[in-house]
Every structure is written in structure tokens, then in C-alpha cells.
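Note sheet for the following structure.
In the numbering used here, the protein residues as written are 3 to 277.
Structural data, given as C-alpha cells:
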């Protein structure tokens with residue numbers, strides 16, 4: 003009526019061996035070949051490569067579970083569609099709607115060619131960093147301060163995400179104020195020549211200098227394009243550009259960032275007080 007200990011041991015041993023074999027076959031044999039094929043077709047898309055590797059492990063676990071059921075004599079469970087559907091429904095319910103939403107969103111992020119590991123992305127109010135890993139539930143981002151931020155995939159999939167450096171060139175600008183009576187032609191020429199000499203500033207399109215009215219001053223805005231931009235490189239170029247423009251204006255005899263003059267008018271009345 004009941005199986006002997008020897009039969010139980012044989013069944014358990016066979017189940018473990020078959021499950022382990024199925025898992026290792028998928029993870030060690032099938033997945034590496036698929037990863038190589040995906041990398042050959044998408045050499046610059048590490049997001050997709052990492053996702054294939056991760057999903058390969060999941061497929062390995064599923065294959066091991068199926069093999070274990072068959073080896074232990076419970077393969078009939080797989081043929082009962084109602085049981086399978088009920089189990090899947092229970093799994094989704096236990097995992098929760100948020101988890102399921104994040105998993106689905108992770109698939110969309112992996113399929114997005116404009117969202118890759120190594121890209122600098124920004125979302126929300128100034129939050130941004132380099133994408134390190136796109137996981138099943140969340141994406142890991144490293145900020146400029148070397149902080150690790152774990153972001154739910156659904157947040158990235160449903161919000162506007164900027165990739166400022168994805169196009170290979172990036173435009174930035176610095177502004178400086180000069181007096182109203184300054185020689186704007188000389189100031190504009192000096193700022194433009196200084197910007198053109200800054201390392202990593204592209205010559206095409208060339209730097210441009212725009213003038214606008216400020217609060218008691220004229221504001222010169224120097225716009226430049228940066229080649230092969232990264233977040234750190236943009237900050238360095240902006241610093242070099244600021245120093246170069248300041249020095250060029252000083253050499254041209256233009257006073258940068260003058261204190262705006264203010265004219266006050268009114269009347270002062272003194273009342274005598276009798277003691």
C-alpha cells in the first residue's frame with residue numbers, strides 16, 4: 003500500500019538528478035549559445051544580452067520543475083489545463099499586481115533600443131544616472147555621486163525618461179553678464195573664440211553667442227556642442243568653458259558680471275521735535 007523507503011529514495015534521487023540535468027542543460031548548454039547569437043546580432047545592446055541570460059535561468063528553473071514532475075510520476079498534472087491555469091492564477095495573485103506590472107515593464111525596457119545598459123538616463127525631478135542592470139522587477143542605476151538607486155521598472159516604463167547623451171553629441175551653454183555700455187561686438191567675438199578653443203567642443207556646428215537683456219545687465223549665452231558626451235565630460239567642459247570665457251572677456255577689456263547700478267529717487271523729510 004505504501005512505498006518502501008528504498009522506492010522513495012530511488013524516486014527522490016531520480017527526480018533530483020533529472021531536475022538538475024534539465025536545469026544545467028538549459029543554463030550551461032542552451033543559454034550560452036542563445037546569448038552568443040544575440041550578442042552577435044546586437045553587439046552594443048548589453049541590456050538585451052543580460053536579459054536573455056536572466057530569462058535563461060528562469061527557463062532553466064521551469065524546465066527543472068517540469069522534469070521533476072514527470073520523473074516523480076506527477077506528469078499528469080501538466081496535462082490538466084485547469085490545474086495549470088489555477089496554479090498560474092495563484093502565482094500571479096500571490097506575487098501581487100505591482101510585481102507583475104514591474105516584470106512586464108521590464109520586458110518593455112529590454113525591448114526598447116533607446117534604453118540600454120551603460121546609458122545615462124534621467125527621469126522625474128533631476129534624478130539620473132548610468133543604467134547598470136535591468137532586472138525582472140527593478141532597474142539598478144548608478145548616480146554621479148556613485149550612489150546605487152533601485153528603480154521599479156514600472157516607474158521607468160510609464161514616465162518620461164530622458165537619455166541626453168544617446169545621440170553622440172550634446173549641446174550645453176554657459177551665461178555671463180556684461181554691462182549695458184560694454185562693447186557687445188568685442189565681447190561676443192571674444193567669447194566665441196574662447197569657446198572654440200576649449201577641448202572636446204565640436205567645431206561643427208560652431209559655438210554661438212547670444213545676447214539678451216537681464217536685470218540691469220546684458221546676458222551673453224555661449225552655446226557649444228560636445229563630442230562623445232558623458233555626464234562627467236559635460237561638467238568638465240562647462241567648467242573649462244566658463245574659465246575660458248571669463249579670461250577672454252578680461253583680455254578684451256570687458257567687465258564680466260558687473261554689479262548692476264540702481265537709481266533711487268525720493269524725498270527725505272526731517273521733522274523737528276521740540277523738547
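The C-beta atom is built at its ideal place from N, Cα and C for all residues, glycine as well.
Under the 8 angstroms Cβ criterion, the segment 231–238 counts as touching the segment 163–174, having at least three qualifying pairs.
Shortest Cα-Cα distance from residue 157 to any of 237, 147 and 129 involves 129. By the CB criterion at 7 angstroms, residue 198 and residue 209 fall inside the cutoff.
The segment 116–159 contains, as complete beta strand (DSSP E) runs of 3+ residues, the segments 122–125, 129–136, 140–144 and 150–154 (chain order).
DSSP assignment within the segment 176–219 yields the following whole alpha helix (DSSP H) runs of 4 residues or more, N-terminal first: 186–198.
A direct Cα-to-Cα measurement between residue 76 and residue 67 gives close to 11 angstroms. When only Cα atoms are considered, residue 185 and residue 258 end up about 12 angstroms apart. Leaving aside the five residues that flank residue 73 on each side, the residues in its chain whose CB is nearer than 6 angstroms to its CB run, in chain order, 16, 17 and 20. Around the Cβ of residue 107, a 10 Å sphere holds 16 or more other Cβ atoms; the residue is buried.
One thing to note: residue 180 has its Cβ within 7 angstroms of the Cβ of residue 220. Close CB contacts of residue 110 within its chain, under the 7 angstroms cut and outside five residues either way in sequence, are with 159 (chain order).
With a cutoff of 7 angstroms on beta-carbon distance, residue 196 and residue 250 are scored as near each other.
Straight across, the Cα-Cα distance linking residue 105 with residue 137 is about 8 angstroms. In this structure, 224 is the residue among 252, 253 and 224 with its C-alpha nearest to the C-alpha of residue 239. At a Cβ-Cβ threshold of 7 angstroms, residue 132 and residue 122 count as neighbours. DSSP places residue 33 in the helix class (H, G or I) of the three-state scheme.
Per DSSP, reduced to three states, the secondary structure at residue 224 is strand.
For the 7 angstroms CB-CB criterion, residue 29 and residue 54 do not form a contact.
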